[in-house]
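Input: a single structure, listed below in structure tokens.
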Amino acid sequence: MRWVTYATDAGDRVGVIGQDRIHPVAPDVDLVELIGRGAEELRAIGETALASTARTVPLAGTRLRAPIPRPPSVRDCLCFLDHIRSCRQVTGQPRTLDNAWYEIPAFYFACPATIVGPYDEVAVPPGSAWFDFELEIAAVIGPGGRDLTPEQAEEHIIGYTVYNDWSARDLQLRESPLAIGQAKGKDGATTLGPYLVTPDELEPHRRDGRLALRVEAAVNGRTIGSGRTDAMDWSFGEVVSYASRGVDLLPGDVFGSGTVPGCCLIEHLSIADPAAFPGWLRDGDVVELTVEGLGRTRQTVRASGAPYPLARRRNPDEKPRLPRVNRAPAKLPYTRGLHEIGTGVWAWLLPDGGYGWSNAGLVAGEGASLLVDTLFDLPLTAEMLDAVRPITDRHRRAHDRPRPRPGHRPRRDPRGARLPRPRGRAGGRRPLPRPVLLRGDRGGGPGRVRHLAGLRADRGQRPPPLPRARPRHTRTGPADAHGHDGRKGTLVKLPETAHTSRPWRVHELTSDFSIEDVWSFRTPGAGPGDFPAMLAAMRTAGGLAGQTGPSRFLFALRWKLGALFGWDTPSAGVGARVASLRDRLPADLRDAPRGPDSESMPLKAVYELDTEAARELANKTVHTVMHLGWVRGADGDHELRMAVLVKPNGWFGRLYMAAIAPFRYLVVYPALTRQWERAWRERGRDQDRPGHG
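Residue numbers for the sequence shown follow full-length UniProt numbering, beginning at 1 and rising by one.
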């Protein structure tokens, strides 16, 4: 059954959904009271309500509240350890976790007073510029209990609902040094709804005792992340059992699952690829969370005012600061604003601009401008850019003027400063670059995110590409007739977020796999529709026969060892030792093209779409997935990306993967890169020959 709490003129009512209508129960009864009576009585009350059609309410147009508007307590758990690993990676910490994470489930108490409904607007916490969402599911306790076993705890769960843990990342960062849980239990907002779904309705979605629900998070219609809930490391039964040790659980207590990996913004933040970050939430952004079997929430983010400031307390243990002595006379006060500190040299000063990171400068000279920004957040950066724009615009206009005739006296601006003499080619002078805010549209509407990406020439071109990771293996050569720069075998290793931040369909199938590698392959001149052509070129590349001698030797040695020790027997492969990923395909992917199996490698095709493809192999050591994706590169061309995902078979599989890593990096992958990129170049040459293209 699906239970709801909905608003009426007379107050909140509780009802059960039958088709597209709400069947109310008796007035003055809330859902907490009903679920406290147990699953059997709740079912009987629901069946009685469904049998009555006299007082039904249409579901469409009815304002749904949170199913449990004021739960007795809210505990948010951390059941998905991959989410913690990714967050640690974003903050520069290693992905490895302490043993405690594997010994006891973690949770913290959230604020029950901040529960909001599935379609209510959500205000950004005052003072926050890094607002985020987190897609979770929640289990709700029916009859209370104490000192429960995991099996008993599962029986005490009366239903499930969608849970959105709205998070102010900058406020969390500021409060984390207090180390008392304040940063995690911060008063803000938690979404529950739209329904409380009883366990019997979700039985078809159980896999090995766990709920396997597909989830998806989107902002302004753009998918941010997706996954499945059966990737939980700690089950609801285990965390509820742990929380009940010496504690009375009450009817209506809510347990959040923690964030489904990839279904929040912070996990997609990467210093190595900042342009891929979708940006923090802003006023007008629309966040949609969809969970199979539980429904969908859709909420609009709204801005809020500034927080009321609090005076700092004196720290008696703080060492007194030594007075700064600067014998040079001060030419300008240290005040907020734009100051000219020398001819053509300007400084934007912003005392206390964000944790002390407050300085920014602009140096405008002959033919160039340099902007240095050390502000902490985007709103302050926008304020600084607005302040320096008159200076950069003035120099740009001066640079665009025609070159003065011989003997012509240079003009001076109203301040008396001589304008910089333009330098450039006659008839084709380049305007001085000026700072701009690059806007990344996440799907239209008012929700646009601003990123400071540096300076660019204001001539209508796209912004300069961000620097890419340094290639691990590079060979250079002369440019060919197709305009390639001759780099052959360029292998670029990318961070994991280059794969996890993309809305690949493979995420729905590989929640229990770990990412071994992510690589980028150059395909010069490739367009958005060339992925099928790239796959065709790879199939004609010759397989192992087209690779280098050392690579062929390693593969031959590997097959000999496999035959000797029985690693590659049919009983250890896909469909025998492990189930094929095709068994996990949703209906739309099951009907999509599968693609051919590899002729030179024991890789079985899983699916093949216009922009991505997946293949798998399994033996006694590991179950591996090779994912190929088609991505627009920093230079504007599309490029091939390969992600290798693995699920080792016990300790031997992990040892095997560690042992072959040096050979993969130093021999196999460079050879594969040269082979695939050569196939792409030869395809381009074939198309330029008569009779092609």
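Even glycine gets a Cβ: it sits at the ideal position worked out from N, Cα and C. Since this is a predicted model, take the numbers as computed values, not measurements.
Residue from the options whose Cα sits closest to the Cα of residue i
| i | options | result |
| --- | --- | --- |
| D200 | I158, G225, T229 | I158 |
| A153 | Y6, S241, V215, D230 | S241 |
| W519 | G595, R558, F565, Y665 | Y665 |
| T343 | I391, A387, L385, V301 | I391 |
| P94 | G629, F663, E496 | E496 |
| A39 | L81, T56, V140 | V140 |
| A212 | P320, V291, R169, D517 | V291 |
| L202 | T190, T229, I180, E216 | T229 |
| L59 | D28, A536, E41, P24 | P24 |
| A49 | V14, R389, V90, P261 | V14 |
| residue 695 | D208, W234, V254, V260 | Lying before the first or after the last residue shown, residue 695 is absent from the chain, which here runs from 1 to 693. |
| F255 | A7, G142, T611 | G142 |
| A587 | S501, R214, K493 | R214 |
| K493 | A272, A10, R206 | A272 |
| G633 | A592, P528, D9 | P528 |
| N619 | H638, A579, E639, L585 | A579 |
| G123 | R594, A231, L281 | Residue 123 is actually Ala in this sequence, not Gly. Considering only alpha carbons, the answer is L281. |
| G144 | G36, L31, D285, E682 | G36 |
| residue 746 | A658, L289, G284, G293 | The requested residue 746 is not part of the displayed model; the chain covers only 1 to 693. |
| E383 | V345, L338, W346 | L338 |
| V32 | T8, W3, A7, G11 | W3 |
| G525 | G636, T8, C87, R43 | G636 |
| A671 | F555, G629, H205 | F555 |
| L310 | S501, L42, I45, G127 | G127 |
Beta-carbon spacing of residue i, residue j below 7 Å
| i | j | result |
| --- | --- | --- |
| G237 | P316 | no |
| T523 | W680 | yes |
| V197 | Y160 | yes |
| V239 | C77 | yes |
| L135 | C263 | yes |
| I137 | Y163 | yes |
| D189 | W166 | According to the sequence shown, residue 189 is Ala rather than Asp. Yes; because the gap between Cβ atoms is below 7 Å, this pair is in contact. |
| E508 | V646 | no |
| G252 | P67 | no |
| L269 | V90 | yes |
| H623 | A614 | no |
| T297 | P118 | yes |
| L581 | V606 | yes |
Coil, strand or helix - residue i by DSSP
| i | result |
| --- | --- |
| residue 741 | The structure shown does not extend to residue 741, since the chain spans only 1 to 693, so no value can be given for it. |
| I157 | strand |
| V260 | coil |
| M534 | helix |
| V32 | helix |
| D20 | coil |
| P316 | coil |
| K620 | coil |
| L455 | No answer about L455 holds up, because its pLDDT of 32 lies below 50 and its placement is not dependable. |
| I68 | coil |
| L494 | coil |
| L585 | coil |
| W101 | helix |
| E121 | coil |
| V247 | coil |
| P58 | strand |
| S52 | coil |
| residue 717 | For residue 717 there is no data in the structure shown, the boundaries of the chain being 1 and 693. |
| T191 | strand |
| D82 | helix |
According to DSSP, residues forming a beta bridge with residue i
| i | result |
| --- | --- |
| T5 | V14 |
| F131 | A168, L281 |
| M626 | R615, V644 |
| P307 | Bridge partners of P307: none, in fact. |
| T223 | A218 |
| G525 | In DSSP, G525 forms no bridge with anything. |
| D76 | Y108, G256 |
| E151 | The partner list for E151 (beta bridge, DSSP) is empty, contrary to what the question assumes. |
| G342 | V345 |
Buried or exposed by the 16-neighbour rule on C-beta atoms within 10 Å, applied to residue i
| i | result |
| --- | --- |
| R505 | buried |
| S176 | exposed |
| I180 | exposed |
| S52 | exposed |
| P648 | buried |
| Q299 | buried |
| K319 | exposed |
| K560 | exposed |
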